[in-house]
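Below is one structure, written out as structure tokens; the observations come after it.
In our numbering, the protein residues as written are 5 to 172.
What follows is the structure, given as structure tokens:
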């Protein structure tokens, strides 16, 4: 167990990306909670976010549709917020639909996970931690092989760039 997080991390099931970024916590929060911002950084370029729906409350919808460089839209990523603590913590899961309804398995080649975004002030910036928790090792491995570390790190760099531009 790693005591720096508010819950145990299981390296067999969980992926963790932690960075200190030169953006204040309030701007990291805005980037994650306002669709017009999230669409600018959420997936690594040249991919883009074609649609984004945020109902920022426990039980509310977190939905994105990603678009390939050729303009092909992927199936929607639809999830449910579990916890919303302004400027500090955002938790959602792909295992539930809005209103905390259990997901009906679709048989698609996907995986379920719960994401924790932890936002802590550090100096003039933010200690940013993204944790993806999976129910089994297969889901964790698939998420890692899809490029969790590279993709989420690149998206975070894009978040920082976008929000720094907004601040000027």
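In this text, a Cβ means the ideal position worked out from N, Cα and C, and glycines have one as well. Source: prediction; values computed, not measured.
Going by the CB atoms, is the gap between residue 32 and residue 132 shorter than 8 angstroms?
Along the chain shown, one-based indexing puts residue 132 at 128. Along the chain shown, one-based indexing puts residue 32 at 28. Their beta carbons are under 8 angstroms apart, which means residue 132 touches residue 32 by this criterion.
Output the distance between the C-alpha atoms of residue 68 and residue 42, rounded to the nearest integer angstrom.
Here the question's residue 68 lines up with position 64 in the chain shown. Here the question's residue 42 lines up with position 38 in the chain shown. Their Cα atoms are separated by approximately 9 angstroms.
Could you check if residue 144 is buried or exposed, using at least 16 other CB atoms within 10 Å of its CB as the buried criterion?
Against the chain shown, residue 144 aligns to sequence position 140. Residue 144 comes out buried.
Can you give the Cα-Cα distance for residue 60 and residue 34, rounded to whole angstroms?
Stepping through the chain shown from its first residue, residue 60 is reached at position 56. Stepping through the chain shown from its first residue, residue 34 is reached at position 30. Approximately 11 angstroms between the Cα atoms of the pair.
Take residue 176 and list the residues in its own chain whose beta-carbon comes closer than 6 angstroms to its own, dropping the five residues that flank it on each side.
As displayed, the chain neither begins before 5 nor continues past 172, which places residue 176 out of reach and without an answer.
So, residue 136 versus residue 117, is the Cβ gap smaller than 8 angstroms?
Here residue 136 corresponds to residue number 132 of the chain shown, with the count starting at 1. Here residue 117 corresponds to residue number 113 of the chain shown, with the count starting at 1. Yes, these two residues count as a Cβ contact at 8 angstroms.
Quick one: Cα of residue 6 to Cα of residue 101, how far?
Counting from 1 along the chain shown, the entry for residue 6 is found at position 2. Counting from 1 along the chain shown, the entry for residue 101 is found at position 97. Low per-residue confidence applies at residue 6: pLDDT is 43, beneath 50, and the placement is therefore not dependable enough to give any value.
What residues in its chain sit with their C-beta under 7 angstroms from that of residue 23, if we drop five residues either side in the sequence?
As a first step, residue 23 must be located in the chain shown, where it is residue number 19. So the qualifying residues of the chain are 132 and 160.
For residue 141, tell me which candidate among 127, 8, 14 and 154 has the shortest Cα-Cα distance.
Counting from one through the chain shown, the residue named residue 141 turns up at place 137. Residue 14 is the option with its Cα nearest to residue 141.
Quick one: is residue 21 near chain C, going by C-beta distance under 8 angstroms?
Absent from the structure: chain C. Only one protein chain is present.
Determine the extent of the beta strand (DSSP E) in which residue 120 is found, giving its start and end residues.
In the chain shown, counting from the first residue as 1, residue 120 sits at position 116. Where residue 120 is concerned, the enclosing beta strand (DSSP E) stretches over 118 to 126.
Can you give the Cα-Cα distance for residue 85 and residue 16, rounded to whole angstroms?
Position 81 of the chain shown, counted from the first residue, corresponds to residue 85. Position 12 of the chain shown, counted from the first residue, corresponds to residue 16. So the alpha carbons of these two residues sit roughly 24 angstroms apart.
Buried or exposed for residue 18, going by 16 or more other Cβ atoms inside 10 Å?
Working through the chain shown from its first residue, we reach residue 18 at position 14. The residue in question, residue 18, is buried, as its Cβ has 16 or more Cβ neighbours within 10 Å.
Does DSSP classify residue 150 as helix, strand or coil?
The residue you call residue 150 lines up with position 146 of the chain shown. Residue 150 falls in the coil class under three-state DSSP.
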